[in-house]
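These notes concern the structure reproduced below.
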């Protein structure tokens, strides 16, 4: 298909500068071919990269990385930059795909400055680089590259505000405006961007100038020549400036240009049809059952309100389904703080708000969860996806810190369901009760079915699923199935029946039940899907601390794991069934 | 001085509506007298309340609370509102001062909707009230009241953005512009506010319109008649609007008008001179030693950089001292996310950033601490004030959640100094090393002096300050002095010498040391100044869980305590020395 004539000559940005304009255009075509090569085979971020091919070529043509420093927001659009900075093999050579993280990563290259994966941070990070450069009396260009979807995030707006007055030196903020977040954009600022696009940058209604910033516009955001002219104009500028470029998300693949939301990120796919080439089991999954629940609940209950910070996909809501929800659905854009505080306000006024997003993103609303929701004890339900160690394994997207972060916030009831029946009952209970803020962790494993206690009104009551002796296994949430397997292994190997407990509540302990276990148990085992530090098991260990009961907590270490094999990780931390069986023998001696 | 002729007739907002304009002006005078009565005697927020007397009278005159709903940002400016809503006795009757929390509080009055104390949340909360109102088909006015200082917070900007497009119904955002945060305002948006003030609202450079919002300006923000006219104009409006009023912070007390920063908040004071009527000990304090350290470090090290989200007072930096720091000082405005991410960028570029603020406020940067600083392992130092249970006791300002929140974040080294020598050495070590992000908790107790190990290069090495037997006391940070007292009491009461350990590191455990304690100890006691849940002691309990060592964790319950007596609280949770002595007897049996 392509012999990557130019790409193969690019060992670093200095090689980009050697090419003529026509050659740069051929290079752009080759980069798209390289992107296709990787993305058709292993998937990844599609639209953001296809839209930014020309801009990243022009940036490397005009500026001198790594002396000049690019800070990519989210960095899911940095693939062309990676191809141009010595990492082409991650795209053109299938054997090397795994060497590339999919985000900027200082461990990969001196051209990357931060490991990032959350939105709206680039301007803030860039102001820091600029400030330190100024302290040292140096003069390189600092360039933040941020998409319009990320602009709704408070941190990006804080960054614009600070850049607009506290930095009096070079700082270039490239706003890549493709009129799209993951889903459609939401927020009043997009009217200002539209005015600017339609007036070719001349509208007096200018968000960036309102933050005190200089400003320049370029309509031709996918035209290398125009972009080179533009970037040369602002290179070595002596004050902060916003460079607003208009690009086309997914540029160069009509199927993606026509359906920008679906092609923000892709599974491996067939280039001719756009159809995924891998499929998941036909069986039930938690996402589609959540979608169904939400649509049904909205019909049944006019007070029910879904609020999402730009992550309708976290619960599978398609554009059509969002339209069906109508006024019972609010997308606040990428703005987790707003989403959670808005939910608190809505709950106070009698609505039944459900905030939906991924676990890793909600941490931006830690303060709002604590201060605006939990101090006020407003009945907000926060529903989180990708809660498990075997969900997203990129270091910037881990779900393993949720228990440590939220289960220690007073008043917040954190629920960890173990099966479909329990999950749906928890959702219904949480939305209909008025006494507690609740967080529900969507299980990360396959869908199980069980008959169990579906009454949650007594907070922190654990459920004994099987009563036994000697050893009690407290297996939280989607590790309950592992607890069941361990119980069976104990019966088979050691010939006694351990007690098997489904704690259901991750944010407290059932002191009565734990006390009763002292009668005929010597060892309590906890299993949890997250880091041990600050998590569930430590609470159990602390409770039994002054007693004769032995406790062993199983979970992950406090560490930023990155792109790991999940089962190998469990073995590394010693929590496979054979390892635990060996431990039990030792502890019971 | 004043017989509060009108105030005494005001049992609720309906009584405000009965007064003539002249009477309302007299009422304003009386409210200022009432504020003087409370503030001269017990202190509190001064400038924000004196500046908003007329506006809050006019709001209650025009709108009908609680049907119409006021959401006060931070709510430190809500005293006049409280006086007008049945809570005058908290201001005019000294015996009732303690009945008033100093912030809005739904437990106090149906006219208050949220317990708040952090900034920049009012617009988000109000959008939630508005959304729920719309779902229910109701039509009351929702009014957010936010100061210009709070506008730099990302959540407020997210709120403006969402209000500017996702709410198509009544929402009134009163921006109280007094040209001041606690310190001076920082950020480019203040140029837009200045343009608007100078043009009487007609400037095309309009931040609010750039967020898609309707807008109206009133210069006479301390003129009741003008404000009544203004609020009548927007009452029952069918879409969101920003009502920008220009007020004078501290209005009515020249000393405060002339020194707005010092009079944001006041101690009890003499009205004639403005001088505080209480004084603190003459001895050393951690704040002034921090100020001295910062000024000295800046002189010694050109890479040293202080970054604060509008809280220079957290380390005692006066305007003059900030000027002396020059380019080594950045106030980003109320914008914790920006402060922390900027620090990460600055550290990456070789600066030595020190982020300073209060513990309760840094939780807004939880994501940035984890994602932007700790994943990248950039050597940022975060220095926190009011870390202790006996610092600020308002439920919205507690410092007791810091260990649970941050000490479980991977890579972050959390240091808990026990004395001056250790504190200053930790600061110096942290700023000069390049291997770890560090958080230092400024002790909340009196200044102690000790000779101890000042080498922190081996992370998580605890220091045995006195070796003993049977019982080991691990006393963290500013509870070390309580550990010393406990040790003495054990010697005296039980006749043996316990081991006394200063852990120094709050974010990990010294496994070698803990293992060695097994030789001649039966009980390990942990003492920490914060909630137990997710905290330090639980990590020790988990470590010893499978062993014969007994562990008892002492600390606070996971609870939103409010305006408590600190020593009574310690007794309530069973951690006074006599209580612990009794426990020891029991556990050693």
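Chains as they are written, first to last, in the working numbering: chain B, 4 to 592; chain V, 4 to 592. Don't be surprised by glycine CBs; every beta carbon is placed ideally from N, CA and C. The model shown is predicted, which means the values in this text are computed figures rather than measured ones.
Inset, instruction - Could you check the C-alpha separation between residue 581 of chain V and residue 512 of chain B for me, to the nearest Å? - result: 27 Å
Inset, instruction - Could you list the residues in the segment 173-198 of chain V with a C-beta less than 8 Å from some C-beta on chain B, going in chain order? - result: Per Cβ criterion, the list reads 189, 190, 191, 192, 193, 194, 195.
Inset, instruction - State whether the segment 241-250 of chain V contacts the segment 205-217 of chain V, with contact taken as three or more CB pairs (one from each stretch) at a distance under 8 Å. - result: yes
Inset, instruction - Go through its chain and collect everything with a Cβ distance to residue 488 of chain V's Cβ below 7 Å, but skip five positions before and after it. - result: Result list for residue 488 of chain V: 580, in chain order.
Inset, instruction - List the residues of chain B whose Cβ lies closer than 7 Å to the Cβ of residue 306 of chain V, in chain order. - result: 138
Inset, instruction - Give the interface partners of residue 398 of chain V over in chain B, defined as CB-CB distance under 9 Å, in chain order. - result: 378
Inset, instruction - Answer yes or no: does any C-beta atom of chain B fall closer than 8 Å to that of residue 335 of chain V? - result: yes
Inset, instruction - Find the residues of chain V that neighbour residue 367 of chain B, judging by a C-beta separation of less than 7 Å, and give them in chain order. - result: 370
Legend entry - Nearest to residue 443 of chain V (by Cα), restricted to the options V:48, V:410, V:187, V:254: V:410
Inset, instruction - Kindly identify the DSSP beta-bridge partner or partners of residue 279 of chain V. - result: According to DSSP, which records beta bridges pairwise, residue 279 of chain V is partnered with V:272.
Legend entry - Option in V:539, V:550, V:506, V:529 with minimal Cα separation from residue 522 of chain V: V:550
Legend entry - Alpha carbon of residue 310 of chain V to alpha carbon of residue 324 of chain V, nearest angstrom: 14 Å
Inset, instruction - Given a cut-off of 8 Å, decide if residue 124 of chain V and residue 198 of chain V are closer than it, judged by their beta-carbon atoms. - result: no
Inset, instruction - Would you verify that the beta carbon of residue 549 of chain B is, or is not, closer than 8 Å to some beta carbon of chain V? - result: Contact of residue 549 of chain B with chain V is assigned, a C-beta pair being separated by under 8 Å.
Inset, instruction - Output yes if chain B places a C-beta closer than 8 Å to the C-beta of residue 330 of chain V; else output no. - result: yes
Legend entry - Uninterrupted beta strand (DSSP E) stretches inside the segment 299-387 of chain B (no shorter than 3 residues): 307-311, 332-334, 355-361
Legend entry - Exposure of residue 514 of chain B, with buried meaning 16 or more beta-carbon neighbours within 10 Å: exposed
Inset, instruction - On the DSSP bridge assignment, give the partners of residue 217 of chain V in chain order. - result: V:244
Inset, instruction - Output yes if chain B places a C-beta closer than 8 Å to the C-beta of residue 375 of chain V; else output no. - result: Closer than 8 Å to some Cβ of chain B, the Cβ of residue 375 of chain V qualifies, so yes.
Legend entry - Distance, residue 564 of chain V Cα to residue 89 of chain V Cα: 25 Å
Legend entry - Contacts that residue 556 of chain V makes with chain B (C-beta to C-beta distance below 7 Å): 545, 548
Legend entry - Reduced DSSP category for residue 48 of chain B - H, G, I as helix; E, B as strand; rest coil: strand
Legend entry - CB contact check: residue 345 of chain V to chain B, cutoff 8 Å: yes
Inset, instruction - Name, please, each residue of chain V whose Cβ falls closer than 7 Å to the Cβ of residue 540 of chain B. - result: Taking a Cβ-Cβ threshold of 7 Å, the residues of chain V close to residue 540 of chain B are 545, in chain order.
Inset, instruction - Measure how close the beta-carbons of residue 190 of chain V and residue 336 of chain V come, nearest whole angstrom, since I'm counting them as under 8 Å. - result: In this structure, residue 190 of chain V and residue 336 of chain V form a Cβ contact; the two beta carbons are roughly 5 Å apart against a cut-off of 8 Å.
Legend entry - Under 7 Å from the C-beta of residue 413 of chain B: neighbouring residues of chain V: The contact set of residue 413 of chain B on chain V, defined by CB atoms closer than 7 Å, consists of 561, 562, 563 in chain order.
Inset, instruction - Answer yes if the segment 49-67 of chain B comes into contact with the segment 26-41 of chain B, meaning at least three C-beta pairs across the two stretches below 8 Å, and no otherwise. - result: yes
Inset, instruction - Can you pull the chain V residues whose beta carbon is under 9 Å from the beta carbon of residue 114 of chain B, in chain order? - result: None at all; the shortest Cβ gap to chain V is about 13 Å.
Inset, instruction - Check whether the Cβ atoms of residue 543 of chain V and residue 502 of chain V lie closer than 8 Å to each other. - result: no
Inset, instruction - Compute the minimum distance between the beta carbon of residue 199 of chain V and the heavy atoms of the ligand ZN, and state whether it is under 7 Å. - result: Although the ligand ZN was asked about, the structure shown includes no ligands whatsoever.
Inset, instruction - Return the CA-CA distance between residue 585 of chain V and residue 534 of chain V, expressed in angstroms with no decimal places. - result: Going by the C-alpha atoms only, they are around 22 Å apart.
Inset, instruction - Decide if residue 303 of chain B is buried, meaning its Cβ has at least 16 other Cβ atoms within 10 Å, or exposed. - result: exposed
Legend entry - Nearest residue (CA-CA) to residue 450 of chain B, options B:476, B:480, B:470, B:472: B:480
Legend entry - At least three beta-carbon pairs within less than 8 Å, the segment 112-129 of chain B to the segment 286-304 of chain B: Contact fails: fewer than three Cβ-Cβ distances are below 8 Å.
Inset, instruction - Measure from the alpha carbon of residue 112 of chain B to the alpha carbon of each residue in B:591, B:208, B:14, B:139, then state which is nearest. - result: B:14
Legend entry - alpha helix (DSSP H) segment containing residue 397 of chain B, residue limits: That residue, residue 397 of chain B, is in no alpha helix (DSSP H); it is neither H nor E in DSSP.
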